Structures are given as C-alpha cells and as structure tokens.
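Reading through the structure tokens given below for one structure.
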Amino acid sequence: MKANALPLRDVLFSELQFIVPFFQRSYSWSRDNWERIVDDIISVTNDGSVKKHFLGPLVCASLNAGPGVLPQYQLIDGQQRLTTLSILLAAVRDEAKKVGNKQLGAQIEVQYLVNQFRDGLANLKLVPRSGDRELYTLLIRGELPSPAPETRIVQAYEYFSKFVRTESHNDPLFLNRIFETVVNHLFLVSITLDEEDPYEIFESLNSTGLPLEESDLIRNYIFMQIPFEAQADFQSDQWQKFENQFEPADGYPALSPTAFYRDYLMRDGKYSKASSTFADFQSHMKVRGLKPNEMVKELTLFVGFAKAISRQGASSSPVIASAMHQLALVDAATANPAVLKLFSKLHENVINESEFIKCINSIVSFVLRRSICGESTRAYGKWFCELAGTIGDKPLEQVQSYLLHRQWPDDDAFAEGLHTFPIYHRELKKCRLLLETLEKSYGHKETVVLDSAIQIEHVMPQTLPSGPAGKAWRDMLGADFKKVHERLLHTLGNLTLTAYNPKLSNRSFDEKREELAKSNLCLNADIAILTVWDQQTIAGRAGKLIATIVKEFPRPDSGVAYVPPRKSGGSVNVLRERQAKYWQRLTDRLEACGLPLRPSRFTDGTSCNLFIDMADVSLNVNYVAAKSVLQVRLQFSRSRGIQIFETLASERSIIELECKTSLIWEPGERPSVVATLNDVSLKDELDWHDQQEWLVDVLSQFHVNIMDRLRSVHDATHEVPEQNHQLLMFWRGYQARLYEAKSSLLASAPLPQRWNTVAIGKSGVWIENFAPTKDTVIVVSLVLGTDVARDFFPKLLAQKDEIEAEMGQPLVWQNPENKKHWKVKLARENFDFANVDQWHDSQEWLVATGEQFNKVFRGRIQSLTS
22 MKANALPLRD
32 VLFSELQFIV
42 PFFQRSYSWS
52 RDNWERIVDD
62 IISVTNDGSV
72 KKHFLGPLVC
82 ASLNAGPGVL
92 PQYQLIDGQQ
102 RLTTLSILLA
112 AVRDEAKKVG
122 NKQLGAQIEV
132 QYLVNQFRDG
142 LANLKLVPRS
152 GDRELYTLLI
162 RGELPSPAPE
172 TRIVQAYEYF
182 SKFVRTESHN
192 DPLFLNRIFE
202 TVVNHLFLVS
212 ITLDEEDPYE
222 IFESLNSTGL
232 PLEESDLIRN
242 YIFMQIPFEA
252 QADFQSDQWQ
262 KFENQFEPAD
272 GYPALSPTAF
282 YRDYLMRDGK
292 YSKASSTFAD
302 FQSHMKVRGL
312 KPNEMVKELT
322 LFVGFAKAIS
332 RQGASSSPVI
342 ASAMHQLALV
352 DAATANPAVL
362 KLFSKLHENV
372 INESEFIKCI
382 NSIVSFVLRR
392 SICGESTRAY
402 GKWFCELAGT
412 IGDKPLEQVQ
422 SYLLHRQWPD
432 DDAFAEGLHT
442 FPIYHRELKK
452 CRLLLETLEK
462 SYGHKETVVL
472 DSAIQIEHVM
482 PQTLPSGPAG
492 KAWRDMLGAD
502 FKKVHERLLH
512 TLGNLTLTAY
522 NPKLSNRSFD
532 EKREELAKSN
542 LCLNADIAIL
552 TVWDQQTIAG
562 RAGKLIATIV
572 KEFPRPDSGV
582 AYVPPRKSGG
592 SVNVLRERQA
602 KYWQRLTDRL
612 EACGLPLRPS
622 RFTDGTSCNL
632 FIDMADVSLN
642 VNYVAAKSVL
652 QVRLQFSRSR
662 GIQIFETLAS
672 ERSIIELECK
682 TSLIWEPGER
692 PSVVATLNDV
702 SLKDELDWHD
712 QQEWLVDVLS
722 QFHVNIMDRL
732 RSVHDATHEV
742 PEQNHQLLMF
752 WRGYQARLYE
762 AKSSLLASAP
772 LPQRWNTVAI
782 GKSGVWIENF
792 APTKDTVIVV
802 SLVLGTDVAR
812 DFFPKLLAQK
822 DEIEAEMGQP
832 LVWQNPENKK
842 HWKVKLAREN
852 FDFANVDQWH
862 DSQEWLVATG
872 EQFNKVFRGR
882 IQSLTS
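Just so we're aligned, residue 22 is where the sequence shown starts under the numbering used here, counting upward by one.
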C-alpha cells in the first residue's frame with residue numbers, strides 16, 4: 022500500500038483513468054455536501070496563507086499498467102469527492118467558454134477531464150458506474166440535453182454552474198482564482214493498493230464510519246464473486262435490470278434496497294437486525310451456495326413481490342390489489358417478510374389466489390383488531406419474522422394458528438373497543454380502511470371509486486361553531502354537550518365519507534343532512550334520513566357499523582382464548598405484557614412436549630407458579646431481574662414443609678446423581694431445591710427459545726427424578742392434630758379446583774385453618790372463603806378491613822340493588838359497630854366437613870362464587886378511594 026498527499030493537479034493531470042467499480046453505489050452527494058465544498062474553496066481562495074486543504078482519502082487499486090497501455094485504477098473510496106470535483110471543474114470550464122476565456126476552458130478540459138488522444142470510454146479521466154456514466158459522459162463532452170433528467174449528477178452540475186456564474190459576474194478574475202484553488206490547494210490522500218483485495222477494503226471502510234448502506238456492501242459482495250472482466254456484462258445483463266426495480270415509477274416512490282434485503286432474509290423465519298443485514302446476507306448466500314446469476318434471478322422475483330406490496334398490487338389482479346391496499350392502510354410494514362413468503366407460495370402454486378387473499382386478510386384483521394384493543398406493536402418485527410418461518414405446505418392454517426396464539430382479539434373485545442376508540446385521531450389510515458370497507462359492504466352494482474377526492478367527514482363537527490349552527494348543535498347534544506363532543510367526536514359512529522368536506526365543515530346537522538342526501542355513498546344515505554344527531558344516535562349507528570366491521574375483518578373460530586391487556590401505564594404495561602407472553606410461551610412448550618406441569622393461574626409478573634397437587638410445597642419458575650438469573654425453585658413452607666424437605670434431603674446424593682442439572686439445596690425457614698441459569702434477560706424474544714429449552718429440560722428432570730419421591734414423602738407426613746391435616750387437604754383440593762377451572766383468582770397457599778383468602782387488587786379488601794369444621798354453612802365474603810370499611814361500605818351499599826341483580830341473588834350485608842371487619846356475604850347450606858365425598862362439590866361452589874364476587878366487586882372496589 023502506498024499513501025501520498027497529492028493536490029488534485031497531480032491526481033488528474035497525467036493521462037490515466039479512474040474507474041468506479043460496479044459494486045460502488047451511484048453518485049449520491051447532495052446540496053449539503055456541495056455547499057461544504059464551496060465553503061472550503063471560498064475560504065482557501067480568500068486566505069492566501071492556506072497552502073493545503075485536505076478533503077479526505079482517495080483509495081484505488083491498479084488494474085493495468087505498462088508501455089502503451091492507459092493506466093487504469095479501480096476507485097475503492099473517494100468516488101463521491103472525485104466525481105464532485107470533476108463536475109465542478111466542468112462547470113468552471115463551461116462558464117469560462119461562455120465568457121470568452123477559451124484558454125482556461127481548454128486547459129481544464131484537456132488536463133483534468135479528458136484524455137485528449139484517447140477514443141471512446143478511454144477518453145474520460147473518470148468513468149462513473151453504469152447509471153451515472155451516461156449523463157456524466159454527456160456533461161464532460163458538453164452535450165448535456167436541455168432539459169436534462171433530474172439526477173444527482175445533473176443537480177450538482179446545475180448547482181456549481183449557478184455558483185461560478187454568480188461569483189464570476191461580480192469578479193472577472195474569479196474563474197482563474199477558483200481554478201487555481203481547486204487544482205493546487207485541494208489535497209487528497211491518495212492510497213494505492215498493491216495486493217490487497219479491493220472488495221475487502223471496501224467492506225472495511227464501512228467500519229470506519231463512512232456512510233455505506235448495507236445494500237452497498239451486499240452489491241459489493243455479489244460482485245466479489247465475479248471475475249473483473251465479466252463484471253460489465255453481469256452489470257448490463259442482470260444487475261442493472263434488478264436494481265432498476267427499486268427506482269420510482271408511475272408516481273410510486275423508490276423502494277429501499279436495504280429494507281428489501283432484510284425482509285427477503287427474514288422470510289425464512291430467521292430475524293435479522295437492520296445493522297446486520299449485510300452479514301446475514303453473506304451467511305445466507307454461503308449456506309444456499311447460489312451463484313451470482315442465480316442469486317439475482319431469485320432477488321428479482323422477490324423484488325417483484327416487494328413492489329406489489331409497496332405499490333398496493335399495481336399490475337396484479339384486482340383482488341390482490343385490494344388486499345395490498347388494505348395491508349397498506351393498517352400500516353404493517355413489519356409483516357413484509359411473511360407477505361413475501363406468501364407471495365412465493367402463490368408463485369409456487371402451493372396456494373391459490375383465494376387462499377392467498379384469506380392469509381392477507383388474516384394479517385390485516387390481526388393488526389387492526391390489536392390496534393383497536395390497545396395491544397402493543399413492539400414485537401411485531403420478530404413475530405412476523407417467526408410467522409414467515411412457520412409458513413409451509415398449509416399457509417392459511419399456519420398463518421391463522423400462529424396469529425391466534427399471539428393474542429388476536431375476539432369479536433367481543435374488538436366490538437367493545439370500536440365503540441369508544443377515537444380512531445380518526447389515533448389511527449387515521451385504519452379509520453379510512455374501516456369507512457371504505459363499510460361503503461363497499463353495501464354491494465354497489467357499479468364500481469365505487471374511493472380515491473383521494475373522497476374525504477373523511479365528522480358528522481358532529483370537530484369544532485362546535487358559534488352562532489345559530491353552534492346553538493343547534495348544543496341543543497341537540499344536550500346539557501353535557503362538551504363531554505359528549507369530547508368522547509364521541511373521533512369514534513366510528515360519528516364518521517363518514519364525502520366529497521363535500523369543505524362545504525360541510527361546521528354547519529348544523531340539518532344543513533349537513535341536506536348535503537349528504539345528495540351523496541352517492543350509501544354511508545350517507547343512512548344519515549340523511551335521520552332528524553337528530555345526538556349521543557344515542559351516534560351510539561346506535563356505531564353498533565350497526567361495528568356489526569358489519571366485525572364480519573368484514575373476521576377472526577377464525579377456535580378454542581384459543583383472548584386475554585385483553587391489563588390497563589396500566591407506559592413501560593410497566595409493556596413489561597407485564599412481555600412477561601405474560603414469556604410464561605404463555607413456556608406453557609405452550611410444556612404442553613407440546615407432554616410434560617404435565619402448567620401454571621396454576623395467569624401471571625404477568627416475574628414468577629410463574631406451576632400447579633402441583635401438594636400442600637406446603639410449591640414449584641416456581643422465577644426471573645430475578647436484578648441478578649439476571651432464571652430459577653426453577655421447589656420451595657417448602659411451615660414445619661410440615663421443613664419436615665418434607667429434610668426427608669427429601671436425606672436422599673440428596675441419589676437425586677443429584679440422577680439429575681443432570683446442578684442443584685442448590687437451601688435450608689432455612691423456607692427451604693428450597695433450586696436450579697439456576699445465569700446471564701439471562703427477557704428483553705429479546707430471540708433469547709427465549711434457548712432459555713425455555715433449559716427450563717423444560719430442568720422441569721422434566723424434576724418431574725422424573727424428584728416428584729415421585731416428593732409425593733411419597735408428602736403423603737406420609739401428616740399434620741398434627743388430624744383435624745388440621747383435614748383442613749390442609751380441603752384447601753389443597755380447593756387449589757386443585759382453581760387450577761382445573763383455569764381461574765385467575767389469586768388465592769393464598771393452603772393452610773390448616775378454616776379460611777382461605779383471595780386478593781381483589783385493593784389494599785385492605787379481600788375475598789374470604791370459610792369452611793367450618795362443625796357448622797353446616799360454607800361462606801364466601803367480601804371483607805372490608807378496618808382502614809377502609811367505614812368509607813367503602815356505604816358506597817357499596819348505595820349500589821346494593823344493582824350488585825345483587827348482577828349476582829343473581831340477595832346478599833347478606835354486615836356492618837356491626839363492634840367488629841373490625843365489615844362484610845358482604847353469600848352462604849351455602851348443608852355443608853358437612855366430615856363428609857369427604859362432599860368436598861369436591863363444595864370446593865367447586867367456592868371457586869364459582871369467588872369468580873362471581875371478583876367479577877361484580879373488583880372494578881367497583883378498585884375505583885373507590887378512602
């Protein structure tokens with residue numbers, strides 16, 4: 022490698038040629054870069070003391086040399102600088118010729134722009150890559166057409182032409198002075214490579230901070246596989262045609278090559294970070310073993326699919342165009358890897374067009390419903406990549422199955438959300454989608470064009486006007502008009518489509534109704550027959566529209582339940598969503614491998630309790646974020662639990678021999694047997710697979726090597742006295758009934774006592790189950806503790822009729838002055854604790870009644886303040 026600091030004169034003055042290789046990007050400098058060059062030139066020109074101003078490196082590799090041969094250099098880095106300076110010199114040349122300074126014009130051309138005695142392409146001192154070369158050649162030869170195409174090279178020439186024209190008009194000597202500055206005082210660090218691989222040098226430049234796109238490196242990598250002498254043909258025959266697909270056309274914007282490559286890679290289900298696109302492409306091409314021409318053939322196929330997505334099905338069938346339009350309106354670019362995979366399955370005839378449309382509709386429904394129901398979108402990038410990986414021979418079944426297990430909101434949740442969701446304000450594109458779909462659902466005999474001339478209109482105006490129209494609206498909306506306006510303004514029931522938007526504006530409803538009656542849209546015909554537009558009308562219309570929307574964006578019938586997101590704030594909610602998803606994923610894996618362990622209840626915390634039908638023993642999977650540790654913990658409580666632990670520990674050496682996993686035995690008041698995995702984070706879903714593989718392995722070992730011993734020891738260790746043992750067994754059975762019912766009730770651990778409590782989400786308030794050993798009545802009560810009883814009880818009592826109607830039977834309301842706790846109770850007669858055969862039925866009643874109490878009281882209790 023040879024490095025020298027050279028002025029531009031020494032770089033370009035000799036007879037030589039710099040060739041920009043095909044793997045380089047097109048000329049891409051913009052006005053900011055041109056202005057910086059101009060500022061540097063003016064500064065150096067005006068400051069006589071500056072002898073050298075360095076612009077940066079010029080890295081090249083010698084292609085050929087020898088007597089009679091034009092020396093050629095492959096330009097690895099610095100093409101943007103050298104191209105810009107050459108364009109600037111061309112602008113100075115042309116202006117010099119215009120003002121009669123022919124000597125300067127000829128000097129610039131012969132010494133710095135062309136090789137005077139060479140013909141054809143060899144005539145140029147700088148040869149840009151194909152795509153730039155054609156216009157650059159015309160520019161250097163003074164044959165640029167007018168008007169010229171709007172490329173960066175033409176824009177640069179026009180910018181520099183205006184600059185030199187303006188400056189030379191004010192200063193007749195300016196052209197000579199700027200020429201002197203450019204060729205003698207602007208220096209480049211010229212680096213000539215000897216044996217180094219120019220492609221590897223090009224890649225390494227990216228790590229030094231030069232702004233190369235991932236797609237530039239991919240282009241470079243593909244050209245690396247082709248001998249230099251074959252690159253021109255490859256460029257013209259294949260690569261250029263492929264790259265042309267990314268250009269803007271027919272009013273559609275350009276495609277991003279880097280984004281396309283990333284989507285292309287992820288269509289196989291392997292997630293690729295944006296910054297790793299090039300590295301992942303390298304690996305992909307090596308694994309596939311494709312030759313460059315085979316790779317470009319496949320890429321060309323998939324870029325056609327990508328154009329169909331981004332251009333909403335242009336040049337596709339009408340039904341595919343409609344599906345792509347809907348996909349665009351739900352704003353789900355993260356789904357592109359899955360959609361590319363579906364297009365490939367359609368191309369391969371794995372699915373027909375009808376099935377393809379159903380797959381796209383499923384994705385649209387999934388994204389739309391989750392948006393309306395307030396679900397997070399953060400994981401979509403990885404989810405849709407995973408989805409793409411699951412698509413095989415049965416795409417529709419596989420798409421729907423995957424999305425159902427990713428919290429696809431059901432009809433009830435979707436409908437409930439649509440009633441109150443301010444869709445115009447929060448999701449304008451999706452709002453447009455719903456209104457267009459509603460209009461099309463009327464089944465027009467003629468095609469209805471819903472183009473940009475059709476706008477979204479608020480029937481109740483966004484701003485209630487002053488004057489008579491405002492008074493008419495306030496009277497119609499009623500005394501609470503402000504609240505009604507704020508709550509319903511942007512909801513579906515108040516929205517329609519119209520071409521008369523500016524005319525309608527803030528008019529009264531009667532005036533709007535007259536205009537809407539003239540509309541050809543069916544959405545407006547329904548409004549035009551109404552005489553009142555108030556809260557009840559909006560809600561009624563919303564109900565009818567929502568019924569249609571639910572049908573138009575269906576969710577498949579399945580046994581997969583939808584659990585709405587818990588309402589809480591910001592990052593806490595996101596964290597809980599992630600944790601809930603983590604435990605659900607673990608549950609699915611346990612079920613898939615046939616291991617009979619399941620969470621005892623829904624959880625979105627850092628700990629997941631797995632149900633085991635034993636008292637004083639619990640099996641938990643814990644994530645300790647502060648220590649980045651994942652644990653499987655078998656824990657023992659109370660004196661009986663300690664007894665069980667000590668008996669188990671006596672067989673420690675045998676257990677550890679049978680278990681492949683290292684176990685930690687922790688004695689103490691709550692002894693445990695623990696297995697741990699270190700350096701764990703739940704933030705990246707791509708890490709979950711390995712973590713949960715470890716969990717399944719450890720839990721399997723616990724199940725095979727510990728559980729049978731544990732049950733034997735557990736059943737042999739009785740509570741003393743016997744009645745206490747019986748109480749412990751009763752509440753252990755109650756826990757089993759909770760598990761069987763998949764209840765979300767958070768009950769306390771079984772203890773040898775007559776009661777068991779259930780949390781209800783409010784400090785000082787709980788649900789109590791009571792099973793007496795001598796009395797004949799079991800009871801479920803809402804208990805109000807000392808601190809809140811006097812405040813909360815009267816507020817609940819005021820709703821007594823409504824509460825008892827929801828419960829379906831009368832309750833006992835107890836607020837004795839001499840008691841600390843006030844209660845609302847429901848009892849069941851004919852309970853006999855001594856009759857063990859009766860326990861199962863009684864436990865089921867406690868679970869069902871507790872669920873009902875939780876449903877009726879939880880929301881009310883959480884809304885109360887003391």
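Note that beta-carbon positions come from the ideal geometry of N, C-alpha and C, so glycine has one too.
Everything numeric in this text was worked out from a predicted model, so none of it was measured.
Those residues which DSSP pairs with residue i across a bridge
i: Cys81; result: Leu96 and Thr213
i: Ser802; result: Glu789 and Lys846
i: Glu478; result: Thr517
i: Val779; result: Ala768 and Ile788
i: Arg654; result: Asn641 and Val695
i: Gln38; result: Gln93
i: Asp137; result: The amino acid occupying residue 137 in the given sequence is Gln; Asp does not appear at that position. Paired residues: none, contrary to the question.
i: Cys629; result: Val642
i: Glu687; result: Ser693
i: Pro28; result: Phe208
Cβ pair residue i, residue j closer than 7 Å
i: Ser579; j: Leu425; result: yes
i: Gln45; j: Gln124; result: no
i: Arg508; j: Phe502; result: no
i: Pro313; j: Ile243; result: yes
i: Phe405; j: Ala359; result: yes
i: Arg730; j: Ser693; result: no
i: Ala549; j: Ala520; result: no
i: His74; j: Val65; result: yes
i: Ala493; j: Ser529; result: yes
i: Leu214; j: Ala349; result: no
i: Gln132; j: Phe208; result: no
i: Gln95; j: Asn85; result: no
i: Glu319; j: Thr279; result: no
i: Val798; j: Glu872; result: no
i: Ser721; j: Leu631; result: no
i: Leu748; j: Pro773; result: yes
Exposed unless 16 or more other CB atoms sit within 10 angstroms - verdict on residue i
i: Ser589; result: Bear in mind that a pLDDT of 47 at Ser589, under 50, signals an unreliable position, so the model cannot answer this.
i: Tyr463; result: exposed
i: Phe874; result: buried
i: Glu130; result: buried
i: Gln883; result: exposed
i: Cys380; result: buried
i: Val388; result: buried
i: His735; result: buried
i: Arg453; result: buried
i: Gly334; result: buried
i: Arg339; result: What sits at residue 339 in the sequence shown is Pro, not Arg. Result: exposed.
i: Thr484; result: exposed
Cβ-Cβ separation, residue j to residue i (assumed contact under 8 Å), whole Å
i: Val210; j: Ala26; result: 5 Å
i: Phe852; j: Thr794; result: Wrong, their Cβ atoms sit about 10 Å apart, outside the cutoff.
i: Leu832; j: Lys846; result: 6 Å
i: Phe885; j: Gln713; result: In the sequence on display, residue 885 carries Leu and not Phe. Not a contact, Cβ separation roughly 40 Å.
i: Ser397; j: Glu598; result: 5 Å
i: Val553; j: Met497; result: 6 Å
i: Val324; j: Gln259; result: The Cβ separation is near 13 Å, so there is no contact.
i: Glu573; j: Thr517; result: In fact, because the Cβ distance is near 17 Å, the residues do not count as touching under 8 Å.
C-beta neighbour in chain C for residue i, strict 7 Å
i: Ser702; result: Within the model displayed, chain C is absent; a lone protein chain is all it includes.
Check: residue i C-beta below 6 Å from any heavy atom of the ligand HEM
i: Gly464; result: Ligands are entirely absent from the displayed structure, and the ligand HEM is therefore not among its contents.
Between the stretch 134-148 and the stretch 31-43, do at least 3 Cβ pairs fall closer than 8 Å? yes
Specify whether the stretch 538-556 and the stretch 405-424 touch according to this definition: at least 3 beta carbon pairs, one from each stretch, less than 8 Å apart. no
Three-pair Cβ contact test at 8 Å for the stretch 680-690 versus the stretch 626-641: no
Check whether the stretch 408-415 and the stretch 272-292 touch, using three or more Cβ-Cβ pairs below 8 Å as the test. yes
Taking contact to mean at least 3 C-beta pairs separated by less than 8 Å, is the stretch 528-542 in contact with the stretch 386-405? Segments in contact, no.
If we count Cβ pairs, one from each stretch, closer than 8 Å, do we get three or more for the stretch 617-628 versus the stretch 740-760? With the cut-off at 8 Å, the stretch 617-628 and the stretch 740-760 touch.
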